[in-house]
Structures are given as C-alpha cells and as structure tokens.
Amino acid sequence: MAATCRASETTTGLHPKLLAPVSPSGDPLTPASFSPTSSIAAEGVQPHLGLKLEAHRRWNASLPVGLLWSVERVEINVTRSDVDNGLVFVLEVFLSLPSSRLPVSKPSSNEERVSAAAAARPTFRVERRFSDFEELRRSVSSCVSMERQCSCQYCLAFVEYIRFSATQPRGLVKRFAGEHKRKQVLQTFINDFVAMGQRRVVKTGKRKCQAQQLVPNVLGEFLLQGAMH
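Mapping the sequence shown onto UniProt numbering, position 195 (from 1) lands on 195, and the numbers just tick up by one.
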C-alpha cells in the first residue's frame with residue numbers, strides 16, 4: 001500500500017509576506033496560484049507549510065541543491081515586533097564553505113582576520129514567528145509518520161524528539177515563557193532539527209524511506225523563504 005499523509009483539517013498558513021517563494025536570483029515569486037493558506041502537496045505527503053502543489057514544485061526547483069547540508073548553525077539573537085505587536089524572531093543562518101582539495105599557501109595574518117570576520121557574520125537572515133516553528137514541527141511529524149511501518153533510525157530520531165524533547169515550540173512555552181527563554185528553545189529546536197535532517201541512514205528492507213528526501217526539503221524551505229542578506 002502506498003504511503004499517504006493526509007493534511008490536517010485545520011492548517012495554519014505561514015505569513016505570506018515573509019514566506020513568499022524565491023527565484024534562483026533571490027527575487028520573490030508571486031504566482032497567481034500561490035496561497036499562504038493552502039498546503040504543500042509533495043509525492044505522498046502533505047505537510048502544512050503554506051503552498052499549493054504547483055507553487056511548491058516551482059519553489060522547490062529553485063532551492064539550492066544541498067542547502068540543508070551546508071547549514072553550520074542557526075542563531076536567534078534578535079527579535080522585533082510586527083505591525084500587530086506580535087513577536088518576530090530573526091534567524092541568523094550560517095553556512096559552511098566547501099573545502100577545496102587543491103593545495104593552498106599559508107594565509108597571511110590579514111587574510112586570516114578577514115576570514116574570521118566573514119565567518120562571524122551570518123550568510124543570511126530570515127524572520128519567523130512562533131507559530132511558524134509550530135507549523136514546521138507538524139510538517140516534519142507528517143513526513144516521518146506517513147509510513148507507520150518505517151523503523152529506520154532517521155524516522156525514529158524525529159519521532160522520539162517530537163514526542164519527548166522539552167525544547168520544542170509548544171503551547172506551554174508560547175504562553176508562559178519569556179522572550180529570552182523562547183529564543184533559547186527555538187534556537188535549540190531548529191538546530192536539533194537541522195542536525196537530524198542532515199543525517200543519512202541506510203534503511204533495511206525493500207521500502208525506501210521517503211522522509212529522508214522530504215524532511216530536508218521542508219527544512220530548507222523553512223530556512224530559505226524570505227531570506228535577507
């Protein structure tokens with residue numbers, strides 16, 4: 001039986017202005033079919049990040065190949081208030097540079113300082129609300145739960161984390177935690193998800209684990225939509 005994942009009856013669309021898809025040049029795309037209140041529909045899965053199927057396909061094609069595996073870390077140091085006085089978290093995404101196999105000369109002290117300064121700056125920034133993190137959690141849960149017989153370590157790691165980890169965007173944190181605590185929880189959560197998403201696990205048996213393809217796409221979209229340099 002083909003694995004399926006039904007969309008939740010109640011879905012929360014991500015903020016349309018912040019989460020518009022982007023072209024390879026970085027310009028926002030505004031296709032007529034884009035709707036922030038609809039769901040992604042990928043092969044056999046319907047996570048909750050707000051895109052229709054056709055928009056998702058165009059958007060997914062524009063994502064840099066291997067983006068998730070280039071993420072070194074994500075920091076949340078700054079917040080701001082939007083026009084509705086809601087709290088917006090600024091994610092600073094640091095990408096690791098690919099290492100060259102060619103022999104290089106020893107860098108000068110000035111080059112080392114320039115390199116260190118560049119490494120201290122995030123590659124890009126993106127803004128997200130607490131509800132966006134909640135939606136990401138639901139979407140990843142949908143991906144790893146679509147095959148109930150899948151017992152690979154990739155899926156099990158996410159299932160156990162979503163069920164038992166205390167550092168997650170849940171209602172208690174949203175209601176009772178202060179701004180600093182929420183930043184800590186969300187930073188830990190997104191870095192844990194990135195680290196787990198970067199893993200590759202060989203699955204035994206005939207069935208291929210679709211989550212190992214779907215989860216990196218969902219995480220890459222979450223980190224890239226509306227990116228600001």
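We put the CB at the ideal spot given by N, CA and C, even for glycine.
Item: Distance between residue 197 and residue 80 (C-alpha atoms, nearest Å); Value: 28 angstroms
Item: Straight-line Cα distance separating residue 175 from residue 211; Value: 31 angstroms
Item: Segments of 4+ residues assigned as alpha helix (DSSP H) that fall wholly inside the stretch 168–229; Value: 171–176, 179–198, 211–224
Item: Cβ separation of residue 187 and residue 74, assumed to be a contact under 8 angstroms, to the nearest whole Å; Value: 7 angstroms
Item: Where residue 121 sits in the DSSP three-state scheme; Value: coil
Item: Assigned secondary structure, residue 81 (DSSP; H/G/I helix, E/B strand, else coil); Value: strand
Item: Three-way DSSP call (helix, strand, coil) for residue 55 in this model; Value: At residue 55 the pLDDT is 45, less than 50, meaning the model places this residue with poor confidence; the figure from the coordinates comes in the next sentence. The answer is helix: DSSP assigns residue 55 an H, G or I state.
Item: Paired residues, beta bridge with residue 71 - DSSP; Value: 95
Item: Test item: CB-CB of residue 159 and residue 173 under 8 angstroms; Value: no
Item: Test item: CB-CB of residue 89 and residue 127 under 8 angstroms; Value: yes
Item: First and last residue of the uninterrupted alpha helix (DSSP H) at residue 157; Value: 153–164
Item: In DSSP terms, what residue 133 is bridged to; Value: DSSP, once it has assigned bridges, lists no residue as partnering residue 133.
Item: Reference residue 137, options 151, 215, 228, closest by Cα; Value: 215
Item: Strand pairing of residue 140, partner residues [DSSP]; Value: None, per the DSSP bridge assignment.
Item: Assigned exposure category for residue 181 - 16 Cβ within 10 Å defines buried; Value: exposed
Item: C-alpha gap between residue 133 and residue 91, whole angstroms; Value: 11 angstroms
Item: Residue from 96, 213, 139, 84 with nearest C-alpha to residue 120; Value: 96
Item: Residue 124 vs residue 227 beta-carbon contact at 8 angstroms; Value: yes
Item: Below-8 angstroms beta-carbon distance, residue 189 vs any chain B residue; Value: The chain inventory of the structure shown lacks chain B, comprising one protein chain alone.
Item: Whole-number beta carbon distance between residue 193 and residue 219, since they are thought to touch under 8 angstroms; Value: 6 angstroms
Item: Contact check, residue 199 vs residue 161, beta carbons under 8 angstroms; Value: no
Item: Reference residue 77; option with closest CA among 84, 83, 122; Value: 122
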